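See below for the structure under consideration.
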DNA sequence: CTGCAATAGGTGTATATACTCCCATTGCAG
DNA sequence: CTGCAATGGGAGTATATACACCTATTGCAG
């Protein structure tokens, strides 16, 4: 009875939101990583540096919330940045918390990476068209709020 | 000179396509994984089963191309599915190639997972609205073509 | 036929992601 | 003050992702 899926069902699955957003995500990520490569930063790492710079000092959980990322994922993603001494993670006032900050070196790396990020961003915006891009970002912002519904 | 980024620059970075699509990707993936959890399949694994079912038998490289995924990533993603005996990977005619197919068990798992995938898909489509969703998928399809430009 | 470039694929390594379970600290009910 | 739930965070485990480098097979120029 539960034999093979019909052609129609398989076609339906091609519109899977999860599949399509992950697929596009891989393609877009590749653009940024290519440009950022010479800085030694990955796309995600650039994002982390930006988010920390904009909010420092910030606790792990608060940062994870802003990133719509699991707390434990963030802990792991910070590891390489700590190793490269781009971020400092120290004990907070509430001794349960840890305060994340950019080091001087982290600010420097971020500043150096910015023009390369701009190139990647420009490439994607040019490719999509400015209006289309704005609309896409709107939809992505909507989607990220689906968590917890 | 390369000191801290200005408030304006940090604000600009908030529109990073890479950051935003990955963030939304995490949120959307969570919806599908929650629904698929009882099947023992991850979102990506469901996608893989669908793609294989629609194209079997198919070589690693051809499948990777359809998925806009690195060839070696696909090899690794197939590993857990092989272990669960949901897919068979055998030597192709051209002995350099490997032919990927669903096992009987794989077809069964896929058929059982389909209604749960439909629930997840419906949740996302309801959340976004049907027209918005169609438009989003269009944009994602455009984006995935940025690779290699 | 031989040598070699092209093709198909895997391994080592590193990061990204999140779940489950665990520990430390805090704050509050009693 | 004490006991305990709530909060903040890490470790173990498993999957997802891709780059650099390696091996095996094929096919073709000569």
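Chains as they are written, first to last, in my numbering: chain S, 1 to 149; chain C, 1 to 149. For glycine and all other residues, C-beta sits at the position ideal for the given N, C-alpha and C. Note that this is a predicted model, so its numbers are computed, not measured.
Proximal residues to residue i (C-beta, below 7 angstroms), its chain only, five neighbours per side dropped
{"i": "residue 26 of chain S", "result": "none"}
{"i": "residue 87 of chain C", "result": "52, 78, 81, 100, 101, 102, 103 and 106"}
{"i": "residue 57 of chain C", "result": "99, 100 and 101"}
{"i": "residue 61 of chain C", "result": "71"}
{"i": "residue 92 of chain C", "result": "59, 98 and 99"}
beta-carbon residue i near the ligand MG non-hydrogen atom, thresh 7 angstroms
{"i": "residue 74 of chain C", "result": "No copy of the ligand MG appears in this structure; indeed no ligand is present at all."}
Limits of the alpha helix (DSSP H) - the one that residue i falls within
{"i": "residue 91 of chain S", "result": "Counting along the chain, residue 91 of chain S falls outside any alpha helix (DSSP H), though it belongs to the beta strand (DSSP E) covering 87-91."}
{"i": "residue 78 of chain C", "result": "71-83"}
{"i": "residue 61 of chain S", "result": "60-67"}
Straight-line Cα distance separating residue j from residue i
{"i": "residue 129 of chain C", "j": "residue 21 of chain C", "result": "19 angstroms"}
{"i": "residue 123 of chain C", "j": "residue 84 of chain C", "result": "28 angstroms"}
{"i": "residue 16 of chain S", "j": "residue 104 of chain S", "result": "44 angstroms"}
{"i": "residue 95 of chain C", "j": "residue 68 of chain S", "result": "45 angstroms"}
{"i": "residue 42 of chain S", "j": "residue 32 of chain S", "result": "8 angstroms"}
{"i": "residue 64 of chain C", "j": "residue 76 of chain C", "result": "11 angstroms"}
{"i": "residue 44 of chain C", "j": "residue 36 of chain C", "result": "11 angstroms"}
{"i": "residue 13 of chain S", "j": "residue 89 of chain C", "result": "23 angstroms"}
{"i": "residue 54 of chain C", "j": "residue 125 of chain C", "result": "23 angstroms"}
{"i": "residue 18 of chain S", "j": "residue 118 of chain C", "result": "12 angstroms"}
{"i": "residue 7 of chain S", "j": "residue 114 of chain C", "result": "13 angstroms"}
{"i": "residue 135 of chain C", "j": "residue 137 of chain S", "result": "12 angstroms"}
{"i": "residue 66 of chain C", "j": "residue 34 of chain S", "result": "21 angstroms"}
{"i": "residue 127 of chain S", "j": "residue 127 of chain C", "result": "28 angstroms"}
{"i": "residue 141 of chain S", "j": "residue 3 of chain S", "result": "39 angstroms"}
Proximity of residue i and residue j at Cβ, strictly below 8 angstroms
{"i": "residue 30 of chain S", "j": "residue 73 of chain C", "result": "no"}
{"i": "residue 98 of chain S", "j": "residue 47 of chain S", "result": "no"}
{"i": "residue 24 of chain S", "j": "residue 5 of chain C", "result": "no"}
{"i": "residue 10 of chain C", "j": "residue 50 of chain S", "result": "yes"}
{"i": "residue 39 of chain C", "j": "residue 116 of chain C", "result": "yes"}
{"i": "residue 145 of chain C", "j": "residue 132 of chain S", "result": "no"}
Residues near residue i by beta carbon distance below 6 angstroms, same chain, minus five either side
{"i": "residue 109 of chain S", "result": "86"}
{"i": "residue 120 of chain S", "result": "31, 32 and 35"}
Q: At 4 residues or longer, and completely inside the segment 14-42 of chain S: list those alpha helix (DSSP H) runs for me, N to C.
A: 17-36
Q. Could you give the uninterrupted runs of the alpha helix (DSSP H) lying entirely in the segment 85-138 of chain S, keeping only those of 4 residues or more?
A. 104-128, all fully within the segment 85-138 of chain S.
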